[in-house]
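**Student:** Following this message is one structure expressed as structure tokens.
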Amino acid sequence: AQSVTQLGSHVSVSEGALVLLRCNYSSSVPPYLFWYVQYPNQGLQLLLKYTSAATLVKGINGFEAEFKKSETSFHLTKPSAHMSDAAEYFCAVSGGGADGLTFGKGTHLIIQP
Amino acid sequence: SAVISQKPSRDICQRGTSLTIQCQVDSQVTMMFWYRQQPGQSLTLIATANQGSEATYESGFVIDKFPISRPNLTFSTLTVSNMSPEDSSIYLCSVVSGFSIGTEAFFGQGTRLTVV
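Shown next as structure tokens:
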């Protein structure tokens, strides 16, 4: 079984500041980890994924995440926030194979001008 | 990538009625899933839609309430039966194309359901 914990239901940063969204996971098998973004009234878009290759994963729109097995974490970062980054971000885990995804509760990212 | 079309995009329904949501994909896919996103909440997996056989439901979801069909590799339906206001949610179709572990899942735009 897998689970995901996202710390902070809301995160507010200033435009140009560092974005850090936290995700911790629990998995009984080697996990496959994903970050998705959801803009208002839209579906989910994949930002990046970890599938046991490089531990530092680069995604779209300047985001990246680092898989740390010792900390069971997969935090999402972006060096400089842009107003267009304001959205809901979901961390998700899969055990692989035919599994669906288990999502965290989501973090609403607010960008202050 | 896969392009997913979900219909309807939104609906307002009377309690006690049923609504069928359609999910059409522009290419054959390996796996199809249905998720529910309750207001202000995260996504919860309802079931895996299996082609030509009964869907596999997650704990807390039953076939009588959420019957699912998948007649081929590009189409699936989810029915929300005997609706109550608690069923008001966004329902999303998701697909995985390919057999590689960790393959990206694509999502439809969702169906926003309000039960009155």
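One line per chain: the protein sequences are A and B, in this order.
Count along the first sequence starting at 1, add 56, and that's the number in our numbering.
Count along the second sequence starting at 1, add 760, and that's the number in our numbering.
Quick reminder that beta carbons are idealized off the backbone N, C-alpha and C, glycines included.
All values derive from a computational prediction rather than experimental measurement.
#1: For S802(B) and V60(A), what's the separation of their Cα atoms in angstroms?
#2: For chain A, check one thing: does any of its Cβ atoms lie closer than 9 Å to the Cβ of Q782(B)?
#3: For chain A, find out if any of its Cβ atoms is closer than 9 Å to the Cβ of Y817(B); answer yes or no.
#4: Cβ of E846(B) less than 9 Å from any chain A Cβ?
#5: With a cut-off of 8 Å, do at least 3 Cβ pairs link the segment 834-851 of chain B to the segment 869-876 of chain B?
#6: Going by alpha carbons, who is nearest to Q168(A) out of A137(A), S84(A) and Y92(A)?
#7: Answer yes if the segment 771-786 of chain B comes into contact with the segment 828-842 of chain B, meaning at least three C-beta pairs across the two stretches below 8 Å, and no otherwise.
#8: For a quick check, are the C-beta atoms of A142(A) and T133(A) less than 9 Å apart?
#9: If we count the other Cβ atoms within 10 Å of its Cβ and call it buried at 16 or more, is K105(A) buried or exposed?
#10: For Y92(A) versus L103(A), is the C-beta spacing smaller than 9 Å?
#11: Comparing C-alpha positions only, which one of M139(A), K161(A) and S140(A) sits nearest to V149(A)?
#12: Report the rounded CA-to-CA distance for R830(B) versus A73(A), giving the unit in angstroms.
#13: How about L76(A) and H131(A): do their beta carbons lie closer than 9 Å?
#14: Of the choices C773(B), S819(B) and S857(B), whose alpha-carbon is the least far from that of Y795(B)?
**Tutor:** Walking through what the data contain:
#1: 11 Å
#2: no
#3: no
#4: no
#5: yes
#6: A137(A)
#7: yes
#8: no
#9: buried
#10: yes
#11: K161(A)
#12: 46 Å
#13: yes
#14: S819(B)
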